[in-house]
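Engineer: In the order they appear, the protein sequences are chains A and B. Residue 17 in my numbering is what sits at position 17 of the first sequence, and the numbering runs on without skipping anything. Residue 1035 in my numbering is what sits at position 35 of the second sequence, and the numbering runs on without skipping anything. Beta carbons: idealized from backbone N, C-alpha and C, even for Gly. Structure incoming, see below.
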Amino acid sequence: MREPLTMRLLLARLLPAAAVLCAVMLVCALVGTERVSLARAMGLADAGTGYDYEILFRIRLPRVVLAAIVGAALACSGAVLQALLRNPLADPYILGISSGAGLGTIIAVISGVQWTLLGRSPIAVFAFAGALGTVWLVWLIGRLTGRRQVTHLLLAGVVVNAFFSAMIMFLTSIANSSQVHATLFWLMGNIMEEDPLVLWISGGFVLSGIVALFFMAPSLNAVSFGEADARAMGVNTGLVQAGAFAVAALITAVAVSLSGLVGFAGLIVPHGVRLVFGPDHRQLLPLSSVMGAIFLVLADTLARMVVAPAQLPVGVVTALVGGPFFLVLLVRYSRRVDWLTR
Amino acid sequence: MADAMNMIEVDNLSFSYTAVPLLSGLDLEVKRGSFLAIAGPNGAGKSTLVNLLCGLLKPQAGTIRLEGRSIAEYKTLQLSKQISVVRQEFVPVFGYSVLEAVLMARTPYYGRLGFGTAQDRQIASDALAATDTSDLALRPLSEISGGERQRVFIARALAQQAPVMLLDEPTSFLDLKHQVGIYDLLKKMQVQEGKTIVAITHDINLAAQYCDEALLLAGGSGYFRGSPGEVFTAKNIDKVFRVTGFSGRVGTGSFFLPLGQYARDREPM
């Protein structure tokens, strides 16, 4: 039996989840091909201080933090898009973000530009611009074809996605093999060490995005019942749809520019949280963010451990591990998944 | 011209989706605390009128005033504290429970963080009790029957605590017991809490027993307005629906039994 949400209940679930996230991040930063001692890294014991410190704070922790940022952004924006489109199959990439970012990436790789912006490579910058540009294009087409029709938006997204995917394939087929390899790794989703400045900026973006979306959560609840009902319950639907859509697209674009196309996290994490805790967005958005962060930190740790010293693209792990895990959840809580079977 | 007795004043209202006018030159006053039933054939603009009254659609000509002020001047949030709406269609997407759905009606009253108080929860559980749905509270909305869901959405409208309730066929999926139950409930809300009720209905006999005023839309500029006895006459029904039948009296009211061509008791013409 599910009790309706109160502030207290939310905190009683969110705070332990956040504690688990911190613990997972710490443990994942300590394991790897090189064993790192926390005591030595913190300078509590004297032997070999510099080496452990370097690995922990310059390599592992930034990477773990990056995975957490990407996971939180994808899971939260996945939940938001499922609500806005009233479609349980929606994920953060559904409205063309993936193909737009992919197109940006391959253009950056092929044109061979060499400069950095705020510590970011041209690939990241092009991916970010491609992602936001495509979402804007899809939104524009959706508005042109039918005002306030989510089906039209969805269709516009599918068509733009298909068109840009074709362009990606075209460019891939005329590119040389080393360029293709770089793009392919990006398309599979790949987490690497990043500059602290990059982490601060993108982490700040994603966190403020999630907070902003949390304040729209009651409206998203109402919007799940359709636009007319939401309006009758006092929700300015036009504002909420445009606002939530823009913020979700922005944090997804940030995530994509950091890590490429990490699949699955944005689809299954919100569903998992919904299955276990219910669909209320005031809880779904913050909990999905935390769970998404945990999920991706674990997946990335696996990705760098399984075939060490080589590394798997994290997107491979999210799909391989996340898929079966989600199916277990689905069966376990199947009494609540009527919206999937109808 | 503004009459303080009137909750809703519709003046020379026109609306159409195509070149053919759906509503044209409609005048209507709904008195504060009264019960208006709207009837008419499919496609005569009943639902459109409700959508105009709740501000979802904008009139192409004419004005709609709520408490003497044009609907267009209200913000969405202000309007939701004045008018609650119960619609026919329901699209289940996520597994919200009955109680969660009813609590959602308190959204306009929530603070910045989007959480209600114990008072909001009390209002929601009172609304569930009033509609006889308390024992459904923790069930998912998609697992209950259509009739139960109809009552839950009426509960949600009650929990919104707006003085005006607009209902689009509130009894369409209900059995006889619950049809009568809903009309009794609406009447109780009207009398005890002074709510102004506007309900679309196909059941003119039941409506005639409960409403104070009736509006029979014929599509275009044709409509009949007045007391249910004046509006739901055999002559008007024939004109609007092209259906004849038996009309009789019960107590102070009248009823109409539609009789089709092959009905057993149809008099040979």
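(1) What is the rounded straight-line gap between the Cα of residue 282/A and the Cα of residue 99/A?
(2) Residue 1126/B by DSSP, collapsed to three states: which one?
(3) Specify whether the region 1097-1105 of chain B and the region 241-257 of chain A touch according to this definition: at least 3 beta carbon pairs, one from each stretch, less than 8 Å apart.
(4) Which same chain residues, not among the five before or five after residue 337/A, have their C-beta less than 7 Å away from its C-beta?
(5) Which residues bound the alpha helix (DSSP H) around residue 204/A?
(6) Is there at least one Cβ from chain B nearer than 9 Å to residue 339/A's Cβ?
(7) Please state whether DSSP places residue 1111/B in a helix, a strand or coil.
(8) Starting from the beta carbon of residue 229/A, find every residue of chain B whose beta carbon is closer than 8 Å, and list them in chain order.
(9) I want to verify the contact list: residues of chain B whose CB lies under 9 Å from the CB of residue 235/A, in sequence order.
(10) Taking Cβ to Cβ, would you say residue 92/A is nearer than 9 Å to residue 1099/B?
(11) So which residues of chain B does residue 280/A contact, with C-beta pairs closer than 8 Å?
(12) Of all the options 1218/B, 1262/B, 1109/B and 1199/B, which has the alpha carbon lying nearest to the alpha carbon of residue 1212/B?
(13) Since residue 1158/B contacts residue 1127/B with CB under 8 Å, what's their CB separation in whole angstroms?
(14) Strictly under 9 Å for the Cβ-Cβ distance: is residue 267/A near chain B by that measure?
(15) CB residue 1057/B to CB residue 1048/B, shorter than 9 Å?
(16) Ends of the alpha helix (DSSP H) at residue 185/A?
(17) What's the call for residue 1270/B, buried or exposed, on a 16-neighbour Cβ count within 10 Å?
(18) Run down chain B in chain order and give the residues with a C-beta less than 9 Å from the C-beta of residue 326/A.
(19) Which whole-angstrom value is the C-beta distance of residue 20/A and residue 294/A, which I expect to be below 8 Å?
(20) With three or more beta-carbon pairs closer than 8 Å as the criterion, would you say the region 292-309 of chain A touches the region 1130-1145 of chain B?
(21) Please state the DSSP three-state secondary structure of residue 1063/B.
(22) Using Cβ-Cβ distances below 9 Å, what residues of the region 204-223 of chain A are close to chain B?
(23) Can at least three beta-carbon pairs, one atom from the region 120-132 of chain A and one from the region 256-273 of chain A, be found at a separation below 8 Å?
(24) Using the Cβ count rule (16 or more neighbours within 10 Å means buried), how would you classify residue 1188/B?
(25) Who are residue 1196/B's beta bridge partners in DSSP?
(26) In this structure, does DSSP put residue 236/A in helix, strand or coil?
(27) Listed in chain order, which residues of the region 1211-1226 of chain B have Cβ atoms closer than 7 Å to some Cβ of chain A?
(28) Please list the terminal residues of the continuous beta strand (DSSP E) segment that includes residue 1100/B.
(29) Please state the DSSP three-state secondary structure of residue 1085/B.
(30) Starting from the C-beta of residue 1236/B, find all residues in its chain whose C-beta is less than 8 Å away, skip the five residues before and the five after it, and write them out in chain order.
(31) If you draw a straight line from the alpha carbon of residue 1249/B to that of residue 1255/B, how long is it in whole angstroms?
(32) Grouping DSSP H, G and I as helix and E and B as strand, with all else coil, what is residue 1242/B?
(33) Which two residues bound the contiguous alpha helix (DSSP H) that contains residue 167/A?
(34) Just by C-beta distance, which residues in the region 53-64 of chain A are closer than 7 Å to chain B?
(35) Apart from the five residues on each side of it in sequence, which residues of its chain come closer than 6 Å, Cβ to Cβ, to residue 1266/B?
(36) Does DSSP classify residue 300/A as helix, strand or coil?
Structural biologist: So, from the listed chains and residues:
(1) 30 Å
(2) helix
(3) By the Cβ criterion, the region 1097-1105 of chain B is not in contact with the region 241-257 of chain A, since fewer than three pairs of Cβ atoms, one from each stretch, lie closer than 8 Å.
(4) Confidence is the limiting factor: at residue 337/A the pLDDT is only 47, short of 50, which leaves the residue's position unreliable, though a coordinate-based value still follows. Same-chain partners within the cutoff: 275 and 330.
(5) 196-215
(6) With a pLDDT of 48 at residue 339/A, under the threshold of 50, the modelled position of that residue is not reliable, and the figure given next carries that caveat. Chain B contact via Cβ: present.
(7) coil
(8) 1085 and 1087
(9) Ordered by position in chain B, the residues that pass the 9 Å Cβ test against residue 235/A are 1076, 1077, 1080, 1107 and 1108.
(10) no
(11) 1096 and 1100
(12) 1199/B
(13) With a Cβ gap of about 4 Å, residue 1158/B and residue 1127/B count as contacting.
(14) no
(15) yes
(16) 177-188
(17) Residue 1270/B falls outside the range modelled here, since chain B spans only 1001 to 1269, and no answer is possible.
(18) The contacting residues do not exist; residue 326/A stays about 16 Å from chain B at best.
(19) 6 Å
(20) Note that the region 292-309 of chain A does not touch the region 1130-1145 of chain B; fewer than 3 beta-carbon pairs, one per stretch, sit closer than 8 Å.
(21) strand
(22) 214, 215, 216, 217, 218, 219, 221 and 222
(23) yes
(24) exposed
(25) 1164/B
(26) The three-state secondary structure of residue 236/A, taken from DSSP, is coil.
(27) none
(28) Taken as a continuous stretch (DSSP letters only), residue 1100/B belongs to no beta strand (DSSP E), being part of the alpha helix (DSSP H) at 1098-1103.
(29) strand
(30) 1216 and 1224
(31) 6 Å
(32) coil
(33) 150-174
(34) Listed by position along the chain: nothing, the set is empty.
(35) Excluding positions up to five away in sequence, the list reads 1259.
(36) helix
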